[in-house]
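One structure below.
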Amino acid sequence: MQEHMPSQAQELICINVDKVYDWIVKEMSFDISPTGPITFPGVTATTDLTGAIVTCRVIPATTNPIVILNRENRQFSIDGSTVCLQHLNVQKNFILTIVVTLPNGTVFTSNNIPVSRCEQVTLCAPKGTDVEILYTDLDCFVCTTGTLSVGTGAAAGTITFSALTITVAVCQSIQSTFPVTVEFLATFCEPRADLPFSCPTAVRPQQCPVIFPTVG
191 MQEHMPSQAQ ELICINVDKV YDWIVKEMSF DISPTGPITF PGVTATTDLT
241 GAIVTCRVIP ATTNPIVILN RENRQFSIDG STVCLQHLNV QKNFILTIVV
291 TLPNGTVFTS NNIPVSRCEQ VTLCAPKGTD VEILYTDLDC FVCTTGTLSV
341 GTGAAAGTIT FSALTITVAV CQSIQSTFPV TVEFLATFCE PRADLPFSCP
391 TAVRPQQCPV IFPTVG
């Protein structure tokens, strides 16, 4: 960026931004144990699951990933002062998929499995503010599977796990925000100078005269 020229005057401008009322970063983990037959497209009654490796994937739900179930005002004493904060009951919704990989490399992925977990968070988040959660890390791993068996008859195309347990680990950034219009004195940016460019000259590759040609 070019240096500001003396002729560049500052101007009082207004912009729309989200004011951050409060911001915390916290970790959480939880276990889920899906039961019953789970649909895996491509699995048949003759699929051999011997030696299969089971993994998982988890992402935020595309619809209502975060739902504020309740927002309650509570009084807290902080550094000798009484402060009114909000105690939030938050529901987080995820989509889980289970991946079964056979020894021959064949991969079966389950249908989406909706998963919900609730958490309590205390923030400065008065009524009217939005609560935004950004997952800085979201992962899962399969802890136990038990015995795997393919379904037959009406349960065809499914796999049943006798003791499936999956752990989901979350690192999250939680903010309470509200849109505001702010005013400040600013200098407008100027474009940088274009970089000089010229075509390179022809260059011969380095030779190896020590080994070629040989001297008779």
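Just so we're aligned, residue 191 is where the sequence shown starts under the numbering used here, counting upward by one. Ideal placement from N, C-alpha and C gives every residue a C-beta, glycine not left out. The structure presented is a predicted model; accordingly, all values stated were derived computationally and were not measured.
Taking all protein chains shown into account, Val290 has 16 or more neighbouring C-beta atoms within 10 Å of its C-beta and is therefore buried. Under DSSP, Gln362 shares a beta bridge with Lys216 and Tyr325. Assignment of Ala235 by DSSP, reduced to helix, strand and coil, places it in the coil class. Tyr211 is positioned such that its CB atom lies no closer than 8 Å to that of Ser339. Taking a contact to require three or more Cβ pairs closer than 8 Å, the stretch 358-374 and the stretch 228-244 do not qualify as touching.
Residue environment for Gly341: buried (at least 16 other C-beta atoms within 10 angstroms of its C-beta). Looking at the DSSP output, Leu338 sits in a beta bridge with Phe351. Secondary structure at Ala383: coil, using DSSP grouped into helix, strand and coil. Nearest to Leu324 by alpha-carbon distance, out of Thr272, Cys274, Cys330 and Trp213, is Trp213. Put simply, of Glu309, Cys333, Asp208 and Thr299 the residue whose alpha carbon is nearest the alpha carbon of Pro231 is Thr299.
Going by beta carbons, Leu354 and Thr337 fall outside the 8 Å limit. Inter-residue distance for Lys216 and Ile256 is about 16 Å (C-alpha atoms, whole angstroms). Look at Ala315 here: in three-state DSSP terms it is coil, with no helix or strand label. Here the C-alpha atom of Thr296 lies approximately 10 Å from the C-alpha atom of Ala242.
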